[in-house]
Amino acid sequence: MTFEVRFKPRAVRDLSDLPLPERRRVLAKVEALQTDLQGDVKHLTNYSPEYRLRVGEYRVLFELEGAIIVVYRVRHRREAYR
Numbered sequence: 097m098t099f100e101v102r103f104k105p106r107a108v109r110d111l112s113d114l115p116l117p118e119r120r121r122v123l124a125k126v127e128a129l130q131t132d133l134q135g136d137v138k139h140l141t142n143y144s145p146e147y148r149l150r151v152g153e154y155r156v157l158f159e160l161e162g163a164i165i166v167v168y169r170v171r172h173r174r175e176a177y178r
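Shown next as structure tokens:
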């Protein structure tokens, strides 16, 4: 199944704050998510958004809305779940 990716404004700001090499890594992994949720994806319990993608030291927090992946935040792992 192919998914469409949409970024919330806060996620775009989070990405713009990242160093360029990390930003490229994160965007490459998010692009790979579009086909069958590839990558280190985990369903989170008792947390919203529902899913996380691990990209090195960073976490991409997102939800699925049908065939759309909505990215809410891109945070360093020590700050992601606060």
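Under the working numbering, read the sequence shown as residues 97 to 178, first letter to last. Glycine included, every Cβ here is placed at the ideal spot set by N, Cα and C.
Query raised in the report: Would the beta-carbon of residue 111 fall within 7 Å of that of residue 170?
Result: Taking the sequence shown and counting its residues from 1, one reaches residue 111 at position 15. Taking the sequence shown and counting its residues from 1, one reaches residue 170 at position 74. Result yes, Cβ atoms of residue 111 and residue 170 sit closer than 7 Å.
Query - Rounded straight-line distance, which links the Cα of residue 158 to that of residue 146 - result: Walking along the sequence shown from the start, residue 146 turns up at place 50. Walking along the sequence shown from the start, residue 158 turns up at place 62. Roughly 6 Å separates the two Cα atoms.
Report task. Mark residue 116 as exposed unless 16 or more other C-beta atoms lie within 10 angstroms of its C-beta, in which case mark it buried. Result -> What you label residue 116 is simply residue 20 of the sequence shown in a count that begins at 1. Classification for residue 116: exposed.
Requested in this report: Can you grab the Cα-Cα spacing for the pair residue 168 / residue 101, in whole Å?
Outcome: Mapped onto the sequence shown, residue 168 falls at position 72. Mapped onto the sequence shown, residue 101 falls at position 5. Distance between the alpha carbons of residue 168 and residue 101: 11 Å.
**Report entry** Distance, residue 99 Cα to residue 178 Cα
**Finding:** By 1-based counting over the sequence shown, the position of residue 178 is 82. By 1-based counting over the sequence shown, the position of residue 99 is 3. Rounded to the nearest angstrom, the two C-alpha atoms are 28 Å apart.
Query - Beta-carbon proximity of residue 123 to residue 137, cut-off 7 Å - result: Here residue 123 corresponds to residue number 27 of the sequence shown, with the count starting at 1. Here residue 137 corresponds to residue number 41 of the sequence shown, with the count starting at 1. No.
Query - Cβ shell of residue 114 (< 8 Å), same chain only, five flanking positions each side left out - result: Numbered from 1 along the sequence shown, position 18 holds the residue referred to as residue 114. Closer than 8 Å at the Cβ level, and outside the excluded window around residue 114, lie 122, 154, 170.
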